[in-house]
Amino acid sequence: MADLSTFPITQRWPAKDPNVIQLYSLPTPNGIKVSAMLEETGLAYEPHLVDFGTNDQMTPEFLSLNPNNKIPAILDPHGPDGKPLALFESGAILIYLAEKSGKFLPKDESGRYETLQWLMFQMGGAGPMFGQMGFFVKFAGKDIEDPRPRQRYVDESRRLIGVIEGRLKGRSY
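Quick note: the sequence shown uses my numbering, first residue 38, plus one each step.
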């Protein structure tokens, strides 16, 4: 049985099964993509809810795993060197899970880099832009008289959707 007791996060969120990946998250876009990847790869995991309403992400235990106080984060008791691996940032976690499972990341270099390119497109473009658009449309937009910030995020999000639609057109996925 893996020993995760040296990781402070396990004091706040004890592992019921310390031999499976521990996922610290909640249902946000970044959290869901890691949960979905775990489900699709078939890797065994144990979810732990990080409640932003009670500032769980600001606790010393959580910050010991992710100093950036964001979700998701994982703790894999069987990391690549046979030792536990703590990892945060959804893109890094997705790559790690793909490599660990042998799924969703092509073995050939061209296919691998093409896949990583689209992951980076999501991580650096679509994801942040959609998040900003959602913030301005749902929350801040009504408090800001100048319509340009909101419109900028809406227009750029539409443009990015066009890029995604162009990529998916005529492909099975």
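We treat Cβ as the ideally placed atom computed from N, Cα and C, and that holds for glycine.
Remember, it's a predicted structure, so these values are computed and weren't measured experimentally.
- Here M38 is exposed, its C-beta having fewer than 16 other C-beta atoms within 10 Å.
- Here the C-alpha atom of T96 lies approximately 11 Å from the C-alpha atom of K107.
- Under the DSSP definition of a beta bridge, F125 partners with A110.
- In this structure, the straight-line span from the alpha carbon of T78 to that of S42 is close to 27 Å.
- Cβ-Cβ distances below 6 Å link L60 to Y82, P84 and I111 in the same chain, with the five nearest sequence neighbours on each side left out; the list follows chain order.
- Out of A73, F158 and E136, the CA that lies nearest to the CA of V200 is found in F158.
- Here the C-alpha atom of S194 lies approximately 20 Å from the C-alpha atom of S127.
- In this structure, the alpha-carbon of K137 lies about 44 Å from that of R185.
- For the 8 Å CB-CB criterion, L63 and F44 do not form a contact.
- Annotation for S101: F44, P45 and I46 place their beta carbon closer than 8 Å to its own, counting only its chain and skipping 5 residues before and after.
- Here the alpha carbon of E202 sits roughly 10 Å from the alpha carbon of R208.
- In this structure, the straight-line span from the alpha carbon of E98 to that of L86 is close to 14 Å.
- When DSSP states are grouped into helix, strand and coil, L86 belongs to the strand group.
- For Y61, DSSP records a beta bridge to H85 and A110.
- The beta carbon of Y190 is closer than 6 Å to those of Q169, M170 and F173 in its chain, skipping five residues each way along the sequence.
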